[in-house]
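Here the structure is laid out as structure tokens; the discussion comes afterwards.
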Amino acid sequence: MAPEALRDWFAQRGEPRFRARQVLTWAYRRLARTYDEMTDLPAALRAGLAEELPLGGAQVATVQEAAGGVRKALLIYPDKGSAETVLLPYDFGASTCLSSQVGCRQGCRFCATGVSAFTRSLDMGEIVEQFLWAARAASPEPLRRLVMMGAGEPLDNYDTVLAFLRHMHDPEVLGLSYRHMTISTVGLAPQIHRLAEEGLPLNLALSLHATQDDLRSALIPENRRYPIAEVLAATDYYFRATGRRITYEFLLVGALNDGLDEADRLAALVHEHPGHVNLIPLNPVPEFPFEAPSPDRVSAFRQRLVQQGVNATVRRTLGQEVQAACGQLRRHYDREGQPVAPRRSWPIVLPGTVHKGPQDQR
């Protein structure tokens, strides 16, 4: 609930409006799990809050840990929808990767989320619950950065994601800086324009992954609706409107888009549409036939960009051993709450050829 709505809730029940500030402080800064922990509230009020405004309904089903302090949690919501969220420790502080949907409509041919059908978008409270799990896992270090890069397309759940980010920015809630929030998108051009007009200094990352429409459409079907030129026109508009430099995320797939000719095309594109390039060596997903490029090819690709004046970095791989790295989060339960079995094949039509994964073993 927004602070003003919570103040109204208390006022309608004859309670002082400052009770809202107390509850929000306990929930977001002291990370209370239950109202019983909020000891500066009267006991009767705590009981009433627990009955009328439950503090979240998600069950943390599993928590997996990986090297470097990475943790991944699977949250199951009351309707059996599920989402994964990841805590990522960095030298500059902890960050969390949050999901925006149960499943995903985009069907990108390198991402585990799109393998199973889209179920629904998450509501704001369900995204908040992910953040609070990560904040507790990071404690006592404060969690001051978030990225909307988990399961789902954030701009396909536009109103909810924006409401969540505004909520976390509210100084009465947590006061997170917009400059410490990042939205990653496959390139929904109309929503990028709309986001630019919000006037918020959010970081925007575009999942580019190819410099030519035929290959990008094979990897990201949404590119058929919004091809590269249209998407880059939208991100250019976002940059002009906000002053925030675009990050071009570029997945490197062995023997597919990791050659120096592709690096040259990418450099030319970035010169026309300024931004930062973040190279992401492929993280394996069993449904797809692709392999990661060798470290030498990744290094050569980056060096080729740098030689042409492009600001390029290689994303550090974190959490791969627990399927927590980029492209590895997935939907675990169907609409009836039954476990979703991994699909063992997924045909991919690439320009001029057809690649197929292992035979379906179900």
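23 is the number of the first residue of the sequence shown in the working numbering; add one for each residue after it. Ideal Cβ positions, reconstructed from N, Cα and C, are used throughout, including at glycine.
Own chain, CB closer than 7 Å to residue i, minus 5 neighbours either side, in chain order
{"i": "VAL332", "result": "ALA289, VAL292 and VAL299"}
{"i": "LEU53", "result": "LEU154, ALA157, ARG158 and SER161"}
{"i": "GLU151", "result": "GLY78, ALA80 and LEU97"}
{"i": "ALA218", "result": "TYR259, TYR260, ALA263 and THR264"}
{"i": "GLU59", "result": "TRP48"}
{"i": "PHE186", "result": "MET146, ILE149 and VAL150"}
{"i": "VAL328", "result": "ALA334"}
{"i": "GLY297", "result": "ARG267, ILE268, THR269 and TYR270"}
Whether residue i touches residue j by CB criterion (8 Å)
{"i": "LEU226", "j": "TYR270", "result": "no"}
{"i": "GLN234", "j": "TYR180", "result": "no"}
{"i": "LEU304", "j": "GLY276", "result": "yes"}
{"i": "SER122", "j": "GLU106", "result": "no"}
{"i": "CYS126", "j": "LEU241", "result": "no"}
{"i": "GLY172", "j": "VAL82", "result": "no"}
{"i": "GLY78", "j": "PRO111", "result": "no"}
{"i": "TYR200", "j": "GLU148", "result": "no"}
{"i": "ASP192", "j": "PRO38", "result": "no"}
{"i": "TYR57", "j": "ALA72", "result": "yes"}
{"i": "PRO315", "j": "LEU274", "result": "yes"}
{"i": "PRO243", "j": "GLN128", "result": "yes"}
{"i": "GLU220", "j": "LEU198", "result": "no"}
{"i": "PHE132", "j": "PHE312", "result": "yes"}
Residue i (DSSP reduced to helix, strand or coil)
{"i": "PHE112", "result": "Checking the sequence shown, residue 112 turns out to be Tyr, not Phe. Reduced to three states, the DSSP call for TYR112 is strand."}
{"i": "GLU73", "result": "helix"}
{"i": "ARG120", "result": "Looking at the sequence itself, residue 120 is Leu, so the reference to Arg does not match. Coil, per DSSP."}
{"i": "PHE312", "result": "coil"}
{"i": "LEU144", "result": "coil"}
{"i": "ALA80", "result": "coil"}
{"i": "ALA54", "result": "coil"}
{"i": "PRO223", "result": "coil"}
{"i": "ASN300", "result": "strand"}
{"i": "LEU96", "result": "strand"}
{"i": "GLN329", "result": "helix"}
{"i": "GLN86", "result": "strand"}
{"i": "SER138", "result": "coil"}
{"i": "VAL208", "result": "coil"}
{"i": "THR47", "result": "helix"}
{"i": "LEU230", "result": "coil"}
{"i": "GLU106", "result": "strand"}
{"i": "ALA24", "result": "coil"}
Residues of its chain near residue i, where Cβ-Cβ distance is below 6 Å and the 5 sequence neighbours each way are ignored
{"i": "ARG167", "result": "SER117 and HIS202"}
{"i": "ASP101", "result": "none"}
{"i": "LEU196", "result": "TYR50 and MET190"}
{"i": "ALA33", "result": "ARG39"}
{"i": "ARG319", "result": "ASP280"}
{"i": "ARG287", "result": "THR233"}
{"i": "GLU163", "result": "ALA116"}
Integer-rounded CB distance, given that residue j should sit under 8 Å from residue i
{"i": "THR264", "j": "PRO223", "result": "6 Å"}
{"i": "SER206", "j": "VAL169", "result": "7 Å"}
{"i": "GLU175", "j": "VAL208", "result": "6 Å"}
{"i": "ARG267", "j": "LEU301", "result": "Contact flag wrong, Cβ pair sits at about 16 Å."}
{"i": "MET146", "j": "THR204", "result": "Going by Cβ atoms, the distance from MET146 to THR204 rounds to 18 Å, so no, they are not a contact pair."}
{"i": "TYR228", "j": "LEU177", "result": "For the record, residue 228 in the displayed sequence is Leu; it is not Tyr. About 11 Å; that fails the 8 Å criterion."}
{"i": "GLN44", "j": "ASP62", "result": "6 Å"}
{"i": "ASN279", "j": "ALA232", "result": "6 Å"}
{"i": "ARG326", "j": "ALA285", "result": "4 Å"}
{"i": "ALA103", "j": "VAL85", "result": "For the record, residue 103 in the displayed sequence is Gly; it is not Ala. Not confirmed; about 18 Å, so no contact."}
{"i": "GLU194", "j": "LEU46", "result": "6 Å"}
Residue i CB to nearest heavy atom of the ligand GDP below 7 Å
{"i": "ASP258", "result": "Summarising the ligand content, the structure contains no ligands, and the ligand GDP is consequently not present."}
Spatial neighbours of residue i in its chain, beta-carbon cut-off 8 Å, leaving aside the 5 residues before and after
{"i": "ARG35", "result": "GLY70"}
{"i": "SER239", "result": "ASN245, ARG246 and PRO249"}
{"i": "ALA255", "result": "ALA211"}
{"i": "ARG216", "result": "TYR180"}
{"i": "MET23", "result": "TRP31 and LEU75"}
- Item | Minimum length 3: unbroken beta strand (DSSP E) runs contained in the segment 237-295 | Counting whole runs of 3 or more residues, the segment 237-295 contains the beta strand (DSSP E) stretches 268-274.
- Message: List, from N- to C-terminal side, the alpha helix (DSSP H) runs of 4 residues or more that fit wholly inside the segment 146-199.
- Response: Runs of the alpha helix (DSSP H) lying entirely within the segment 146-199 and spanning at least 4 residues, in chain order: 146-160 and 180-191.
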